[in-house]
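Colleague: Per the numbering used here, numbering through the sequence shown is continuous, rising by one, with the last residue being 422.
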Amino acid sequence: MANPTSHLTAALDRAATGGRLTPEEALELYRDAPLHALGQAADAARRRRYADTHALATYIIERNINYTNVCVTACKFCAFYAAPKDTEKGWTRDLDDILRRCAETVELGGTQIMFQGGHHPDYGVQYYEDMFRAIKERFPELVIHSLGASEVEHMAKVSGVSVDEAIGRIRDAGLDSFAGAGAELLPARARNAIAPLKESGERWLEIMEIAHGLGLESTTTMLMGTGETNVERIEHLRMIRDVQDRTGGFRAFIPYTYQPENNKLKGQTQATPLEYLRMIAIARLFLDNVAHIQGSWLTTGKAMGQLTLHYGADDLGSVMLEENVVSSAGAKHRSNLPELIELIRGADRVPAQRSTTYDILRVHDDPANDPVEERVVSHLSSTADPGDGARRRSLPVLPVS
Ligand code: SF4
């Protein structure tokens, strides 16, 4: 009698050796493949892709700077935003504050800035142009890997220009690549359930495709655990893979889990640790055209972060000198540079600091030479609420378009 799971084994073997999975196969593997077999195949695919560097696992030193929490989009899962009329909760950061945070990032060896903020009703293209120009003038070495399709859609509307023009202008002002936040869940039902005022998943991808065409690469994300189905999870991957086949512009895929505190959606995350591991593995196998898969220790914890490195992930993200968005919703995990290096080493991999474009900057192959920068800690200056340099939204920030 034929082994009822032999076709799963055959599909895993094929994907591990570079063959392409159909969405139907990916769904079946995601649901039914034995966990260890799934992880083994994903790890084999990672090793195959990184034949010369498979012993490494990378991280980056970066800072998220939240320039405002004022937002008209009111996503139900978000604990960070304040409605424009909520003058008690709403705040903006002025340019001096932002430049000070950039200076500190450079001083601490950070290489990347990730701007994340609300859809402020007054922030058009010019706001971002002015900010990026000022940063690049003072800190040309800092890579601005920031924003996503949602911010582009919003700023273009505020300024009354096309998204092509908006992207071209912020690129010329200094944006190096898009962080690709706002992907959330791309399939319509799952997206509408948590972010009904955001652009559609198709539109999000369309804008990223335009950006790739204009020379700005990006990463892409997935928010797991708000009640989406397994079918929708795999459909999210399919939508990304289809665009990637055309553009090749997605550098990495970063799934992370829903944090249920202080928001309208509440409930609890419906992505279990095992589901998360399975997603990392199936992403490595199904997204055969995306180079990097990142494990999110920030939302799933450090031990899970280590495990992802055995399920297809090649990168553990960043030290994150500052983070307020998922922290506002309850993400409590914290780390620092020596610990992140040790986490990677504890997963039996050689830690390596990378750049935004995944070039290796330094390899920590001898613990005796590990960096000891004590201030390179996550959440060095996070507030997760107004205060500590945040200013009320009623204060003018920069001239807006
Ligand atoms: S996730 Fe972003 S767009 Fe949605 S409410 Fe929060 S800040 Fe606004």
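Each residue gets a CB set at the ideal place from its N, CA and C atoms; glycine is no exception.
1. Does the Cβ of residue 336 have 16 or more other Cβ atoms within 10 Å, making it buried, or fewer, making it exposed?
2. Got a sec, what are the start and stop residues for the alpha helix (DSSP H) residue 223 sits in?
3. Rounded to whole angstroms, what is the Cα-Cα separation between residue 222 and residue 204?
4. If you run the structure through DSSP and keep just helix, strand and coil, what is residue 91?
5. Mind checking which residues open and close the alpha helix (DSSP H) that includes residue 160?
6. Label residue 82 either buried or exposed according to how many other C-beta atoms from any shown protein chain fall within 10 Å of its C-beta, with 16 as the threshold for buried.
7. Which term fits residue 383, buried or exposed, when burial requires 16 or more other beta carbons within 10 angstroms of its beta carbon?
8. Comparing alpha-carbon positions, which option in 234, 365 and 95 lies nearest residue 388?
9. Counting only C-beta atoms, is residue 227 closer than 8 Å to chain D at any point?
10. Which one of 229, 290, 296 and 265 has the shortest CA to CA distance from residue 215?
11. How would you write the range of the alpha helix (DSSP H) that residue 29 sits in, first residue to last?
12. Short of 7 Å in beta carbon distance, which residues of its chain neighbour residue 285, apart from the five on each side in sequence? Order them along the chain.
13. Answer with buried or exposed for residue 256, where buried requires no fewer than 16 other C-beta atoms within 10 angstroms of its C-beta.
14. If residue 357 and residue 397 are in contact, beta carbons under 8 Å, what's the gap, nearest whole angstrom?
15. Are the CB atoms of residue 170 and residue 245 nearer to each other than 8 Å?
16. Going along the chain, which residues of its own chain have a beta-carbon closer than 7 Å to the beta-carbon of residue 93, five neighbours each way excluded?
17. Specify the secondary structure class of residue 280 as computed by DSSP and reduced to three states.
18. Among the candidates 38, 27 and 252, whose CA atom is the shortest distance from the CA of residue 209?
19. Using beta-carbon positions only, say whether residue 176 and residue 138 come within less than 8 Å of one another.
20. For residue 42, report the span of its alpha helix (DSSP H) as first-last.
21. Could you pull the DSSP bridge partners for residue 318 from this structure?
22. Work out the CA separation of residue 191 and residue 158 for me, nearest whole Å.
23. So for residue 82, helix, strand or coil by DSSP?
24. Kindly identify the DSSP beta-bridge partner or partners of residue 372.
25. Quick one: residues in its chain with C-beta nearer than 6 Å to the C-beta of residue 268, no 5 flanking neighbours on either side, listed in chain order?
26. Assuming residue 243 is part of the beta strand (DSSP E), what are its boundary residues?
27. Tell me where the alpha helix (DSSP H) around residue 326 begins and ends.
28. Taking the beta strand (DSSP E) that residue 143 belongs to, which residues open and close that run?
29. What span of residues does the beta strand (DSSP E) with residue 383 cover, start to end?
30. Alpha carbon to alpha carbon, how far is residue 276 from residue 301?
31. Which residues in the same chain as residue 86 place their Cβ atom closer than 8 Å to its Cβ, once the five residues preceding and following it in sequence are excluded?
32. Does DSSP put residue 121 in a helix, a strand or coil?
Modeller: By the coordinates alone:
1. Position 315 of the sequence shown, counted from the first residue, corresponds to residue 336. So residue 336 counts as buried.
2. Against the sequence shown, residue 223 aligns to sequence position 202. 222-234 is the extent of the alpha helix (DSSP H) around residue 223.
3. Here residue 222 refers to the residue found at position 201 of the sequence shown. Here residue 204 refers to the residue found at position 183 of the sequence shown. Each residue's Cα considered, the two are about 7 Å apart.
4. By one-based count along the sequence shown, residue 91 stands at place 70. Of the three classes helix, strand and coil, the one that applies to residue 91 here is strand, per DSSP.
5. Position 139 of the sequence shown holds residue 160. Here residue 160 belongs to no alpha helix (DSSP H), and DSSP marks it neither H nor E.
6. What you label residue 82 is simply residue 61 of the sequence shown in a count that begins at 1. Under this definition residue 82 is a buried residue.
7. What you label residue 383 is simply residue 362 of the sequence shown in a count that begins at 1. Exposed is the call here.
8. Along the sequence shown, read from residue 1 onward, the residue named residue 388 stands at position 367. Of 234, 365 and 95, the residue nearest in Cα terms is 365.
9. Although the question refers to chain D, the structure presented lacks it and comprises just one protein chain.
10. The count along the sequence shown starts at 1 and reaches residue 215 at position 194. The residue with the shortest Cα to Cα distance from residue 215 is 290.
11. Position 8 of the sequence shown, counted from the first residue, corresponds to residue 29. That run of the alpha helix (DSSP H) goes 27-37.
12. Along the sequence shown, read from residue 1 onward, the residue named residue 285 stands at position 264. Contacts found: 97.
13. By 1-based counting over the sequence shown, the position of residue 256 is 235. It counts as buried.
14. By one-based count along the sequence shown, residue 357 stands at place 336. By one-based count along the sequence shown, residue 397 stands at place 376. Sure, about 6 Å apart at Cβ, within 8 Å.
15. Locating residue 170 in the sequence shown gives position 149, where the first residue counts as 1. Locating residue 245 in the sequence shown gives position 224, where the first residue counts as 1. Going by C-beta atoms, residue 170 is not nearer than 8 Å to residue 245.
16. Locating residue 93 in the sequence shown gives position 72, where the first residue counts as 1. Excluding residues within five positions, the ones whose Cβ falls inside 7 Å are 105, 140 and 142.
17. Within the sequence shown, residue 280 is the residue found at index 259, counting from 1. Note: residue 280 maps to coil in three-state DSSP.
18. If you number the sequence shown from 1, residue 209 lands on position 188. It is 252 whose Cα lies nearest to the Cα of residue 209.
19. Stepping through the sequence shown from its first residue, residue 176 is reached at position 155. Stepping through the sequence shown from its first residue, residue 138 is reached at position 117. Contact flag unset, no.
20. Start at 1 with the first residue of the sequence shown, and residue 42 comes out as number 21. Per DSSP, residue 42 belongs to no alpha helix (DSSP H) and is neither H nor E.
21. The residue given as residue 318 occupies position 297 in the sequence shown. Residue 318 is not bridged to any residue.
22. The sequence position of residue 158 within the sequence shown is 137, counting from 1. The sequence position of residue 191 within the sequence shown is 170, counting from 1. Residue 158 and residue 191 have their C-alpha atoms roughly 14 Å apart.
23. One-based indexing of the sequence shown puts residue 82 at position 61. Residue state, collapsed to three classes: coil.
24. Locating residue 372 in the sequence shown gives position 351, counting from the first residue. DSSP lists 78 as partners of residue 372.
25. The residue given as residue 268 occupies position 247 in the sequence shown. Cβ within range, chain order: 230 and 233.
26. Translated into the one-based positions of the sequence shown, residue 243 becomes position 222. First-last of the beta strand (DSSP E) with residue 243: 239-245.
27. As a first step, residue 326 is located in the sequence shown; it is residue number 305 there, counting from the start. Segment 323-329, the alpha helix (DSSP H) holding residue 326.
28. In the sequence shown, counting from the first residue as 1, residue 143 sits at position 122. Per DSSP, residue 143 belongs to no beta strand (DSSP E) and is neither H nor E.
29. Residue 383 sits at position 362 when you count from the first residue of the sequence shown. Run containing residue 383: 381-384, per the beta strand (DSSP E) assignment.
30. Within the sequence shown, the letter at position 255 stands for residue 276. Within the sequence shown, the letter at position 280 stands for residue 301. The alpha-carbon atoms of residue 276 and residue 301 are separated by roughly 7 Å.
31. Locating residue 86 in the sequence shown gives position 65, where the first residue counts as 1. Here the set comprises 114, 119, 122, 123, 134, 135, 136, 137 and 343.
32. The residue you call residue 121 lines up with position 100 of the sequence shown. In the structure shown, residue 121 sits in a helix (DSSP, three-state: H, G or I).
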